[in-house]
Every structure is written in structure tokens, then in C-alpha cells.
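Data first, discussion second: the structure below is written as C-alpha cells.
Protein chains in written order, with our numbering: chain A, 1 to 682; chain B, 683 to 1364.
Here you go:
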């Protein structure tokens, strides 16, 4: 009898293996809990009219909660900030309370996450978000390409969304995807989404597109997710309705007010506008002799009656300035205090452009009378696209450790999401979406805690898996820095697509600040960008104590060294080694670490389903080859200046410099090269 | 005054640096000594009529010798074998004596080599060659392609050589090259050369070509180098003169006698014929129902009156036999004693075909009544062509350690020489030409001694260079075995060109024994070719004690293990590890060693001229990438059978199996892929 039972069990286990309920395509992200038979949640009658957000919370708990009954409560409670929640064990079960429906939903997701992570709740848990606005920026074009997107096409099916004859079919794949997108964001507290690229097409403001935006807004609303749009500053002209876009022109002001009114008629909780103006060819107020403040304020005035917000980007740099790193500060700092209260200046974390490592942008802290928000890049434009494993929480942690979270009004993350089954391309790229959401909720969270949360929910709670892979994740971004551009080097990427190395890049007629030699400045004497007081003086944009620290190579942190200094090849580093030797060792370490990641991952085979295991394995393989490519390209190129051997105890290049200089990947700025293409061209 | 002198010296040194007397293109091989002002050599009057060999010896010494005067003596001396020499320090200088002019020349070269190596002569030095015949086989086609040649085109300019109107111009580049070729061979004791491919064109026996052969023979003769030809067994038919090539046919026998007479009228010291018959599509006596012995003897009879030799190759394998490794033995061993005295059976060192490692061919020792000679492959058909550094003395040492040199009549080496400036493609490939000559002279020489000799003459005598690079050379062939086919694996090369890995190769309709799976036999149980008594029984072709040893996996040397055995993936090796793990570790070691070679070489920069340094550096770079290619291809492919992980402490693959299976290098059997082509296709 016992043996018969055993064989039945074995048989069932085999069937389970042969017939998995759901393909492991990563589509469930960190939300993988299947039906708990005894899940129950009750909504007090007073709250029932506040559907559907609360109903979603109840449904989620009913479907997956395996613990005591949960009571959901919406209550005025001054101790709870908007969207905050309290989870309280009671005699008969658990109560989740909040002052807002979204807060209840966030509490429900948190409770389910604790269950997934097998973390027991001891006593009350009260949380509230650090920022009211936790927003994703999609750089999605209306043709469904995604600038710097490496996970398929844009989620937004504009052809269908703009079809006035179409009706929303909740069971369609597209609709389900929209819901799943909103749900995933809600589960980590993200409450805003800018649907379209900051290089914005004016078409988004036409009636047809706004109708489509309304349809998305209606789907997202129950999940607490508001929609925003990037707008083209010259829209009144581009749409053929006016002959100017001058922000002080009455017709222009009227046009925008009317447009805002039109939008809010469709979408009463529309969030507002994100604007890239007078930057990289985009139109803006300066085209009409006006300031950024005058431009932003005009839009803010149009949105103000509806409580809408303008997020105005500070990502500007003119082709003439001697140091691009100074430009945003020079243009924006003098405007401090001139913006309307519903304008937030959106500043990239660093002064250049989402490099693997940058010091923080000195604008932070320099505009005390202006709300600022940080723009972080979740998509890995400069970090190996969807091919490299790079967990970005440590990078953002670095930022928040220097820029006090309380000094910011909000945070935005440039999304890495597309139509790929697993949403983000690399299975581990979803960890960055997750980490962005978690840090936008609580910027004091540690990287390790976030990695652990994500791993436990996404792959399982076995410590034999979580411990090594969490360690791998925590090391991953620094490894990328090491094999790409250590010691403060920056922007030595290949032209256009920014995938591989091209430190020698020279495009005749190109803006100098679009070319790597502008940034690394390698010459027979040394390497690095002199931003000291006797150089470009970018250091002086920082607070005096920090300026002092950065200005002196002896006190400047070595990971920023070549960002702030041009130093001789034989400059003595803290290790006692020369700058050249140290540079070589960083590249070598990056390569070795990447190989180590392959080893660590391969050993995880018993803990991971075959599909995701193979996917990560294949991408780590690409990453290991890419790391060697980076090392060889950079060291062989810089060696032509340094004229010194790579230390002989280090592994040697396997590529020739001439060969590497011929590599030109035929990809655009919305494509990640696959293994076949890399093998062909690299 | 002193400072002026110093600056003059500095100036002179700079000039020397800027204007080297001779580009370091490797063309001087190991013969690099420049004019010693006080070189002197005298020829006793009795010897003067024996020019020009003795004159060459005298000239060489006059040009480069920097020691005491040398007296060259031709004397009957029973203590000295033909071509042997004695170098004897005397009160007034040094005397070199020999029974033959060539012996004097060999002595002169040896004396100069000692000088180049900075080895002092203490007392008498007497040497004589182990074999009368020390011969190179050129697989040169008449269109100047070289089968398995990776160093440019064939040296022999047949267009010019067959031009009856042309006159020999001793100052022409071609003529100088012929002289340099003969001189290089003489300097290491090689005294025969087969000019054309064993896949022989009948055209070589036409009047025009024989005239060209005579011109080469005349140039080579003073250097003691005799010419031989490969002949096509069907020549009488192919040249349109007879309707059969049956060796027992009187007309055929007469045709060959007449052809031999014609050749000897032109070249009185012509060496003889090399024959590939009934092998890989070549015609032979079996086509007419005759045996190899009948075919060889017919040719031997034609040559005998002129004291010519037939070298008849035992490289045969039928498409039907169950084990190709047994074929040569099965066909030739029964013919023992049936060959004329002037026939030598030429047997490849191993039973298959010049693999990175083979056990010796069991024919050696199995034909006691027949003269045998060993055919070694100097050109690296199966060892990475001209891209990989593989010093082959250790491979040949392994052969001679199992096959007593005294049991052989002669040795032949398949040449790696072409029109490249440096003769052999890879700067270190010349070491294999050198090593072959030295071992043909003295098969008891150690690999380390040969490496040291070659390095000291070719690059210089600084121990800081010689010691590490000699070590590198000694390890190099085993490294290739490790990353290509360790533990007795063999012939898993890519189709046709044999450059890269293709263990999965399957060409519809191809002979099974031309396909790798025939050799590795990987399956779900294990890997290897069962040649035990219960398998193909190839072991029984070896002497009983050895057969016993090889038949038992417990006693079979592990480096031959998969040659003789098909063993389970989990078979316990001597290390205690499984077969699969051990296999993985060998591949890994090969990769790491190759990277180590790069490191060792790079550190040698101060000791090597820039041209040769860069050339070797670039080829080691290719080799390191190729090693990874091999490792990944073989392990990923075998893993589909073994279904076990590569041990997790080992570096992981960076290629995908599907990707690797698509690699098809577009090269022929006479081409070495260059770095650009490899990067494009691999």
C-alpha cells in the first residue's frame, strides 16, 4: 500500500514536470503566486461604493492569499499619508487600512509579497511612499519603436487604440497586457506613466490619439496609475494650427489651454506634461527668445486649473560649451524661483547622460526654490542593453546617498518595458523595474534587500539560490563599470546605439561632445577630463566641501578620478600602482567577474526552470564575450597613448585593435543586437 | 670630449634603430650570423678539386666564423660514417674532417651553430647521422598551391623552371631562394627533397618538367641535397602513351625503365620516387589486380640500375573496413619480405593521419624483412595551421620513444615551407622544420635541447628570453592536444580544411571514416572508439605486452584512453574524477595555457625585434580565441550526450552550440584562415 502510494506520488510529480501549468516565459514577473484555496478578503459595506480599486485588492487576496482572512478598510487616519497603508494582525485575521483606495491596494500587494517571500508578519506594518509621484517615462514612439528599448515593441498598440470603431475587449491579449502592466506597477507602488517618447511627436495631441490615451487611462485608473504625455513644444505649429509656438503669444497660450481642457474632458485625472525642450534638436521656448521658465510656466498655466503638472527636463547642452557636464547647471540654476508651483524640473541623476557611473548632477541642491525630480534610466542604454546583467539598485543607491531623497519632489524612471513575453528582455532586467518602483516608494531601501525581495518573488526562496544570485546581482553593475569604463571614464560608447566600445570614434562633422575623445581626452601624457578649477571648473558647481574634495586628485574618490582629472599614465594610485596599471586591472577584473557570473549561474541549474535558466545563461555568455571586447578595445586603444605594456600577470587581449575598429553594428537606437548579429559583426 | 663621444654613440645607436641593416622578416631562419671580420678557412690542396661543396663550407666559415682559423679536411676515416664529421680543436685552430664533402659542410654548419649559441667547444666533437636518408616531402602542386601548406605558394616556380628559353640567373630572387632553401636544409642535415605532392600530377614526368627538376637539382647538389619526385602510378596511361598501368605488363615496365633512364641522364644523382597508390582515389597496382609489392617492385626495378629508391606509402584505408586504424597493417603486413631491397615502405607515425596525438602505427616492428621509414608531418594540418604555436619535437620524441630509431631505415617530413618571407608562416613553425632535421640526424635528441638550439640561433642567447620561451615551446603541443582533442580523442576536425572543430560533422553521402562521429562515437552511454579485443581489436596489431596494456582501460595510458576505449561518461579516472569531468578539465587547461602563452610572450617584448614580436603576438591572439572555440564546441556538443554540467569551478562557454554549428570557413586544403576571415566566420 505504501509503495503504491509512493509510485502514485512519483507519477504525479512526473506529470507535473512534463505538463507545467504555465510556460516559464517570465511574463508573470515577480507576481507568480497561484490560487490559494483559502484566500478570503472582506470589504466593509461603507467601502463598497469605492470600487473598483478595492475590488481589485480583494480579488488579489482571494486568489493568492493562503493565511488568515483579510479585512480591507478605508479610513481617515492622519497617521497615514495618502497612498500609505497599515497592515495589522488582528484576533480574527489581518486588517489593511489606508486613507486612499490605492493605499489599500498597495497594502494588499505588500501582504502578498511577504507571503511569497515567506517573510512572516510580526506586529503592525505601516508604510507610506516617500514621493507622491512615482512615475515611469516611456520613450515609446507612435510607430511602436522604443528609443533605447530592448524588449520588443512599444506596449501601446496605437493602431488599435486610435481606431474609433474599436471597442475594448477585456479578454483580448492587448487589453490583458495593459491590465498586467498596470497591476505590475501597482504592486510596487508606481502611480504614473508617461506614455510617449520625450522626443515627442505632435500627433499625440490629436483627437484620435487622445482618444486612445483615454482608453489606456480608463484601464490603468483602478490600479492607481495616472497617465501623462510628453509634448512637443512646437505642437501648435506642427499640427498646422498656429504660426508660432512662442510661449508669450496669446494664441499659443490659448491653444494649450484649450488642448488641456480637451484632454481633461476625456481624462479627468490626467497627470500632466513631460517636456524635452531646446535639447538635441527639440523645439523649445529659446527658439522664440524665451527662457525655459517662460516655456514651462505657459504649459503649467494651461494645466493648473486641472491640477496638472509640468515635468520640464533639464537635459540640455549646447554644441559650443567647453564642458557638456556644466551645461544643465549653467542654463537652469539661474532660473531658480522663476517656475510656477506646478512645474517640476526633471534632472538626470548625473550631469552627462546615464553613464555606468557618474557623479550626481550639481543641479541637485542648487535650486532651493524650485521643485526638482530625479530622472533615472531603468533601460540599459549604456549598460549592455538587454544582453548584460546589471542590477541598478546599487547605482541609484549611490545617487540617493549623495542627494538626500527629501530634497526631491519625485522620481522618474525611463522604462525598459516592451512587448517581449518577459516584459524587459533580460530576465534580470525586470529587477530594475522592480528596484525603481521600490526606491521610488522608499529611497532608503538597501540594494541587497531589494535584490532579495525580487529574487524570492521571481525565482523562489531557496537560500542556496537566493544567496549567491543576490551576491551576483549586487556585484553586477560594478563589473560592468570595470569592463566598460572604470575610474571615472565615461561616454566612450559606439556611435548612435551605444552598445559596444568605440573610444576612437571620430565622425567627421559631428558635434565634438558626441564623440568619445571629447570625454576621455587620452594623449601621450595621460587620460581623463580636467574639470578642476584650473580645467573646465565643473567642480565649482558642487557645494564647496565637495568641490574641494573632487578638485584634488589625492582626495577625489578613485571611481570618479578621470571624470574630474586628466592625469599622467604613471600617476601613483592609492594602491601604489600606476594609473595605467590600475586601469588595466579594472578591465581585467570586470572580465573575470563576468566569467564568474557565468559559473555562479550555471551552478543554479537545479533551482531554475529550464527556459529562464537557458535564457540567462545565453545572455551571460554574450556578456562575457562583450566584456573581453570592451577590455581589448579600450586597453589596446589607450595603450597607443600610454605606450606601456598591460601588466604581464594579466590575461592578454584576444582581439586586434585594427579588427575592433572595423566593428560597426548595424542597429538603431531602439535595437539590442542578438547573439547572431554580434557574432557576425564583432 | 667624453660627452661629445657619448652623444655620437647615442646618435649612432639611434641610426641603427632607425635603419636596421635587414628587416626582421624571419627570412634568415636560424642562420642569422653576420660577417665575422676574422673568419678564415683553408682547404688542403688535395681537396680543392672537390668543389663546390667544400667551397661553400669554406665560404660560410669565412663569412661568419669569429674564432681560430678552421682547416677543412676530406679524409678516409672508417671511424666516420658517410656524412659524419669530426670537429677537432688544434694548436693553431680547428679542423673539420669527414669522409664526404657533405660531411665537411655539416661540420662547418655545426661549428657556426655552436658559435651562434655561444656554446664553447671542449674537446673533439664527432657526429654522424642516424639515417642515410633525411628527406622532406613537399605536397606542392604544379599550380603552386601547396596541399596542407600555410606559408604562401610553392617555392618552385614551374612556369619559369619549365621555360626552355630561360637561363638561370644566380642573382634573381627565385634563384637566391632556391639556394637559401638548400642551405637551410644542409645546415640541419636534411639531404633529400621530394618536390611535388604525393597526389601527383603525371605532368611532372614530362620532358619540360623534368628539365625544370634538373635545374633545381643542379642548384641543390652542392648543398648535398638530392631531389626525388612523387609519381602518379597511372602516368603511362595519363600521359597518353599506354592503355594500361598494370605493373606486370611489359610495356608498362619498359615505359618506367625508359622514364628512369631519361631522368638519370638529366640528373645523375636523382634520388627516386615517392608513391601514394590506391589511397584516397589515387591509382595503383590494385586497380589492375596486383599487390602493392608488385607495383612497388616494378618501379624499383626501373630505378635499381641507377641506385634509385622507391618510397611506397602505406597510407591506405578502404571505405568498407570497420576500423580505419587497422587498414594499413591489414594491407601491408602480409606483404613483408616481398619488396625489392630498394623499396622503403613509408608509414605515417600513427595509424590514422597526423592527429595531435596518436599511438604509433603498429606496422612499425611488424615487417621485420622490409625497410620502413617514418612519415612525420611538419606542416600543421591538424595543429592549427600557421596560426597556432605548436612545437612538434615532443610529439616526435613520443614516437621515437616507442619506435626504436634503429628499426627505421629513414625519416621523411611533410614540409611546412612556402614563399612567405619567413618560409613557414608562423615564426615558430620554422622550429618544426629545424626540429625535424635535427631528429632525422639524431633521433635521440631531447626536445628541450632542440628548442634551446633553435631559440638561441633564431632569437638570441639571453637566458631571460630562452628559458621561458623554451618552456612555452615544450608545453605548446600538449596545450593544443588539450584544447582540441585530449584523452585520445581524434579527428573531430572541420570537414576538408581541418582547421576548426566540427565533432558533429555529418555530410550526407560522405565516407563514414571521413566524419568525426566515426571517431569519437559519443552516445548517451559514453565516448571513445572501442578498439579492444571485444571491439575492433586494433589492439591486437600491437606486440602482445602492449596490446595487453592498451586493451585494459585500467592500464591504458590516459592520453590514449578514448583512442582504444569507449567508456561511460562517469568512468572513474585515475584522478578520482569522472571521465566527463576530466575531459572538461583538459579543455579548460588548454585554454588557460594558451592564454598563459600570450602572457609569457608579451613579457618578452624587450628581447625581440618589433616585427617578429608583433607577428607572434597576433598569432597567439588567434590561438587563444581558437582554443576557446574548440573548448566550447567540443564540450557543448559532447554535453548533449553526457547530460552533465561542466564542473562549476571551470570557466563557462562563451559560444552557443547552434552558433558554432553554423561556422563554415570558406578555405581550401591549402589555405590558413587569417584573423579577418576567422572573425568574420567564426
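Beta carbons: idealized from backbone N, C-alpha and C, even for Gly.
Residue i in three-state terms, based on DSSP
i: residue 375 of chain A; result: strand
i: residue 630 of chain B; result: Absent from the structure is residue 630 of chain B, since the part of chain B shown begins at 683 and ends at 1364.
i: residue 695 of chain B; result: Summary for residue 695 of chain B: the model assigns pLDDT 38, below 50, so the residue's position carries little reliability, and this model does not support an answer.
i: residue 312 of chain A; result: strand
i: residue 663 of chain A; result: coil
i: residue 757 of chain B; result: coil
i: residue 414 of chain A; result: strand
i: residue 668 of chain A; result: coil
i: residue 1182 of chain B; result: coil
i: residue 1157 of chain B; result: helix
i: residue 90 of chain A; result: coil
i: residue 1363 of chain B; result: helix
i: residue 1152 of chain B; result: helix
i: residue 783 of chain B; result: helix
i: residue 1358 of chain B; result: helix
i: residue 195 of chain A; result: coil
i: residue 242 of chain A; result: coil
i: residue 56 of chain A; result: helix
i: residue 626 of chain A; result: helix
i: residue 1250 of chain B; result: strand
Within 8 Å, strictly: CB atoms of residue i and residue j
i: residue 332 of chain A; j: residue 383 of chain A; result: no
i: residue 915 of chain B; j: residue 965 of chain B; result: yes
i: residue 326 of chain A; j: residue 97 of chain A; result: no
i: residue 792 of chain B; j: residue 769 of chain B; result: yes
i: residue 477 of chain A; j: residue 391 of chain A; result: yes
i: residue 53 of chain A; j: residue 240 of chain A; result: no
i: residue 1190 of chain B; j: residue 1174 of chain B; result: no
i: residue 1056 of chain B; j: residue 1093 of chain B; result: yes
i: residue 139 of chain A; j: residue 359 of chain A; result: no
i: residue 1330 of chain B; j: residue 609 of chain A; result: no
heavy atom of the ligand SAH below 7 Å from residue i C-beta
i: residue 776 of chain B; result: With respect to the ligand SAH, the structure shown offers nothing to examine, as it has no ligands at all.
Hey, is the segment 806-817 of chain B in contact with the segment 1121-1131 of chain B, meaning 3+ C-beta pairs nearer than 8 Å? yes
Are at least three pairs of beta-carbons, each pair with one atom in the segment 473-484 of chain A and one in the segment 624-636 of chain A, less than 8 Å apart? yes
Can you give me, in chain order, the residues of the segment 651-663 of chain A that have a beta carbon less than 8 Å from any beta carbon in chain B? 651, 652, 653, 654, 655, 656 and 659
Write down every uninterrupted run of the beta strand (DSSP E) in the segment 1040-1093 of chain B whose length is 3 residues or greater and which is fully enclosed by it, in chain order. 1054-1059
Between the segment 808-831 of chain B and chain A, which residues of the former have CB atoms less than 9 Å from a CB of the latter, in chain order? none
According to a CB-to-CB cut-off of less than 7 Å, which residues of the segment 1297-1311 of chain B neighbour chain A? 1300, 1303, 1306 and 1307
So does the segment 1099-1112 of chain B actually touch the segment 1247-1259 of chain B, counting three or more Cβ pairs closer than 8 Å? no
Spell out a yes or no on whether the segment 201-214 of chain A and the segment 155-168 of chain A are touching, meaning 3 or more CB-CB pairs, one atom from each, closer than 8 Å. yes
Using a Cβ cut-off of 7 Å, which residues of the segment 590-614 of chain A contact any Cβ in chain C, in chain order? Judged by its chain identifiers, the structure shown contains no chain C, and its protein chains are A and B.
Could you run through the segment 470-488 of chain A and flag, in chain order, every residue whose CB is less than 8 Å away from some CB of chain B? none
Interface positions of the segment 637-648 of chain A facing chain B (Cβ-Cβ less than 9 Å), listed along the chain: 645, 646 and 648
Using 8 Å as the Cβ pair cut-off and three pairs as the minimum, do the segment 1133-1148 of chain B and the segment 736-754 of chain B touch? no
Quick check: the segment 267-277 of chain A against the segment 193-200 of chain A, are at least 3 beta-carbon pairs closer than 8 Å? yes
Could you tell me whether the segment 1207-1216 of chain B touches the segment 1338-1345 of chain B, where touching means 3 or more Cβ pairs closer than 8 Å? no
Could you tell me whether the segment 1350-1364 of chain B touches the segment 1231-1241 of chain B, using the rule of 3 or more Cβ pairs below 8 Å? no
Identify each residue in the segment 1345-1361 of chain B for which the Cβ-Cβ distance to at least one residue of chain A is less than 8 Å, and report them in chain order. 1357, 1358 and 1361
Quick one: which unbroken alpha helix (DSSP H) runs of 4-plus residues sit fully inside the segment 951-1005 of chain B? Chain order, please. 974-985
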